[in-house]
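Asker: Protein chains in written order, with this note's numbering: chain A, 1 to 292; chain B, 1001 to 1422. Even glycine gets a Cβ: it sits at the ideal position worked out from N, Cα and C. Quantities reported herein were computed from a predicted structural model and do not represent experimental measurements.
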């Protein structure tokens, strides 16, 4: 036994109890309710086996479309936010005039409520009177003035773009902290050896930032899987069902009184998030434990 | 001195606490367009008389139903809430016997128009108070000056309607102002035309209610959806209809951008109130002529106020409803809300113009719209809107839309253990 350990094991029980009651228990109850016909229309609960799971994955309904949209949203926003956040972080750690002002401006969108961002962009992306299309038309780029939120083929891309705009400042801030913690000695040594900016970035910044990038990836993946507010405020899942994600579907199912199906979707999502979280945390722990 | 100050401070604290304790605020949540400025004015008067404040929570219409149903499902809600009524839906969707307060004992209950009362009652008990003018029907409101200029007459069938739209379009105007972004308006072309289905295929409502057929089995329903899509595809709704909001309908007609829109009979007064240079008499009405419809689409029900059964201020909420139902306040609402021509209370004096009376008289055959006469249609109003949007975008076929409606109805009926589906 390690006698230098600061706290006894039983200290964790309080946290475990709270976590168990507030997170694990409701999730397990949700999974249990997924096997019933719970709805607004009846006070009684009946066991229905795997019927709700079949419904969720049935081609008759739009749930798989929402699931795929959620996964697409997660992958695309995670990648783009990380890439753009990293580019901005590298830029914002250079000698730039009004550095803090620029950092604040880039960080600002993530402070705004998703609902406010949604309302602003609904107006900005209005096909006829929106700021974006007016600007494009004024520049003679009429062919680029698209129906950003009302064309089912591009609406989901617009939603992802707005979310990336909102979230990349946050990722940038975390990565700035990561870059600042890299000792300048490495860069000085590289310069003496004749390394250019790209080589410094490729062989010093990027490897040293890997743990921070892992954290931002985990944060983005978990955020992406449970996205709701941005989609709700911008399109409410429309036009038609084009931008439905799992949680807008869950919200709709509850509003239609189909609680069991809503709970089943939530449970599917919970299983997905727990699995994603488990593997990512395992990967992070392995990285931390790696002496290299 | 210190002691004296402490006593004064403590006394002030107690007085503030007492004042706050007396200060009751009731909260009323409703969809936008359901709470009129005139009602809020009456709310101020109510506060002056009773000391009870009314906090109006107005929610965007595309989010309201979802939000309300989520709140009710969790057993929480504001003191008063607005919802569409309907004898079937207030049981299956709102579960008013559990979620709302029985208002049968209120003095004003007997003054509610019997037709409206039947749609807000369960087992002889009244649960809601009508909010709007239910005599009005959703019809095509048109700019008479444009029709005169282009020498057009009121269409009596779909082909004539298309000819009218073509003539207006050729003149450089958008024929019809349609608003899809709100999520509640464009499906009026389908749901209100239940009267056309019933006219073409008598007994359909009964068969739908007894699960002997679905919407997908109705050729008229399919034709309706196809014609709605055709209108949009032919450009009769312009190119911005997906992003349009219904609140801009008056502007679109008054500025001459569009010639027609689906509206109810309060629209002429509403447009004149917002644009005084545009005379109310310049707006005429005709029924939506899809599937050659000539039946007046009646709906004896509309948005309704309910008191949440879990409210801590049931008595205060009842006082508010009683106040609104006082004859002078009913009349105040009729006189001051442009879109109200009357309210469904016995003794209310209507303000129908000759034009509107003539419109009603022009269509002697009346029918009830399907969101009221057919079960499990109104609860999925927004869902029908999403399905219809998918059809307009070409993401779904009319058959798929009708099958989706049938599937949603069946899901609700099965969950409600409706004997016709079990």
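(1) Go ahead and pull the three-state DSSP assignment for residue 1078(B).
(2) Taking all protein chains shown into account, do 16 or more other C-beta atoms lie within 10 angstroms of the C-beta of residue 158(A), making it buried, or fewer, making it exposed?
(3) Quick check on residue 14(A) - is its C-beta less than 8 Å from some C-beta in chain B?
(4) What residues in the region 239-258 of chain A bring their beta carbon closer than 8 Å to a beta carbon of chain B?
(5) Measure how close the beta-carbons of residue 265(A) and residue 249(A) come, nearest whole angstrom, since I'm counting them as under 8 Å.
(6) For a contact defined as C-beta to C-beta under 7 Å, what are the partners of residue 1390(B) on chain A?
(7) Helix, strand or coil: which one does DSSP assign to residue 101(A)?
(8) Taking the C-alpha atoms as reference points, what is the distance between residue 1021(B) and residue 1105(B)?
(9) For residue 134(A), return the contacting residues in chain B, with the cut-off set at a CB-CB distance below 8 Å.
(10) Count the other C-beta atoms from every protein chain shown that fall within 10 angstroms of the C-beta of residue 156(A), then say buried if there are 16 or more, exposed otherwise.
(11) Is the beta carbon of residue 107(A) sitting closer than 8 Å to the one on residue 150(A)?
(12) Within its chain, find whatever has a CB closer than 6 Å to the CB of residue 1146(B); leave out the 5 residues flanking it on each side and keep chain order.
(13) So which residues of chain A does residue 1178(B) contact, with C-beta pairs closer than 8 Å?
(14) Going by DSSP in three states, residue 1130(B) sits in which element: helix, strand or coil?
(15) Using alpha carbons as the reference points, say which of 90(A), 215(A), 274(A) lies closest to residue 179(A).
(16) Note down, in chain order, each residue of its chain lying with its Cβ closer than 6 Å to the Cβ of residue 282(A), except the 5 sequence neighbours on either side.
(17) Figure out for me which residue from 1405(B), 1413(B), 1028(B), 1412(B) has the closest Cα to the Cα of residue 1217(B).
(18) Write down the C-beta distance between residue 1102(B) and residue 1313(B) rounded to the nearest angstrom, noting that I regard them as a contact closer than 8 Å.
(19) Could you compute how far the alpha carbon of residue 1098(B) sits from the alpha carbon of residue 1309(B)?
(20) On a Cα-Cα basis, can you pick out the residue from 269(A), 241(A), 240(A) that is closest to residue 247(A)?
(21) Check whether the Cβ atoms of residue 55(A) and residue 45(A) lie closer than 8 Å to each other.
(22) If you drop the 5 nearest sequence neighbours on each side, which residues of the same chain put their C-beta closer than 7 Å to that of residue 1223(B)?
(23) Please return the same chain residues whose Cβ sits closer than 6 Å to the Cβ of residue 1366(B), not counting the five positions on each side in sequence.
(24) Can you give the Cα-Cα distance for residue 1257(B) and residue 1282(B), rounded to whole angstroms?
(25) Run through chain B and tell me which residues come within less than 7 Å of residue 126(A), C-beta to C-beta.
(26) So what's residue 1297(B) in DSSP terms, helix, strand or just coil?
(27) If we cut at 8 Å on Cβ distances, does residue 1422(B) have a partner in chain A?
(28) Closer than 8 Å, Cβ to any Cβ of chain A: which residues of the region 1076-1100 of chain B, in chain order?
(29) In chain order, what residues of the same chain have a beta carbon less than 6 Å from the beta carbon of residue 52(A), not counting five sequence neighbours either side?
(30) Would the region 1024-1035 of chain B count as touching the region 1052-1071 of chain B if we require 3 or more Cβ pairs under 8 Å?
(31) Answer with buried or exposed for residue 1120(B), where buried requires no fewer than 16 other C-beta atoms within 10 angstroms of its C-beta.
(32) Interface residues of chain B around residue 179(A) at Cβ under 8 Å?
(33) Taking buried to mean at least 16 other C-beta atoms within 10 Å of its own C-beta, is residue 1411(B) buried or exposed?
(34) Does any residue of chain B have a CB that is nearer than 8 Å to the CB of residue 263(A)?
(35) Closer than 8 Å, CB to CB, is residue 1248(B) near chain A or not?
Answerer: In terms of the structure at hand:
(1) Reduced to three states, the DSSP call for residue 1078(B) is coil.
(2) Burial is judged here by how many other beta carbons sit within 10 angstroms of a residue's own beta carbon; residue 158(A) has at least 16 and is buried.
(3) No, because no Cβ of chain B sits closer than 8 Å to the Cβ of residue 14(A).
(4) Cβ contacts with chain B come from 239, 240, 241, 242, 251, 252, 254, 255, 256, 257, 258.
(5) About 6 Å separates the two Cβ atoms, so the contact holds.
(6) Within 7 Å Cβ-Cβ: 240, 241.
(7) In the structure shown, residue 101(A) sits in a helix (DSSP, three-state: H, G or I).
(8) Confidence at residue 1021(B) is low in this model, with a pLDDT of 48, below 50, so its placement is unreliable and the value that follows should be read with caution. Residue 1021(B) and residue 1105(B) have their C-alpha atoms roughly 28 Å apart.
(9) The contacting residues do not exist; residue 134(A) stays about 13 Å from chain B at best.
(10) Around the Cβ of residue 156(A), a 10 Å sphere holds 16 or more other Cβ atoms; the residue is buried.
(11) No, Cβ-Cβ distance for residue 107(A) and residue 150(A) is not below 8 Å.
(12) Sequence-distant Cβ neighbours of residue 1146(B) in its own chain, meaning closer than 6 Å and more than five residues away, are 1259.
(13) Within 8 Å Cβ-Cβ: nothing; residue 1178(B) doesn't reach chain A, min ~12 Å.
(14) Under the three-state reduction of DSSP, residue 1130(B) is assigned to strand.
(15) Considering only alpha carbons, the answer is 90(A).
(16) Same-chain partners within the cutoff: there are none.
(17) When only C-alpha atoms are compared, the closest one is 1405(B).
(18) Residue 1313(B) and residue 1102(B) do not touch by the CB rule: their CB atoms are close to 16 Å apart, not below 8 Å.
(19) Taking the straight line joining both Cα atoms gives about 7 Å.
(20) For the residues 269(A), 241(A), 240(A), the minimum Cα distance to residue 247(A) belongs to 269(A).
(21) One thing to note: residue 55(A) has its Cβ no nearer than 8 Å to the Cβ of residue 45(A).
(22) So the list reads 1291, once near-sequence residues are dropped.
(23) Closer than 6 Å at the Cβ level, and outside the excluded window around residue 1366(B), lie 1296, 1298.
(24) Each residue's Cα considered, the two are about 15 Å apart.
(25) Residues of chain B passing the Cβ test: 1243.
(26) In this structure, residue 1297(B) counts as strand in the three-state DSSP scheme.
(27) No, residue 1422(B) lies away from the interface with chain A (no Cβ there is under 8 Å from its Cβ).
(28) Those would be 1092, 1093, 1095, in chain order.
(29) Closer than 6 Å at the Cβ level, and outside the excluded window around residue 52(A), lie 34, 260, 261, 264.
(30) At 8 Å Cβ cutoff, the stretches touch.
(31) So residue 1120(B) counts as buried.
(32) What residue 179(A) touches in chain B: nothing, since even the nearest Cβ is about 41 Å away.
(33) By the 10 Å Cβ count, residue 1411(B) comes out buried.
(34) False, the Cβ-Cβ gap to chain B never drops below 8 Å.
(35) Cβ-Cβ to chain A under 8 Å: no for residue 1248(B).
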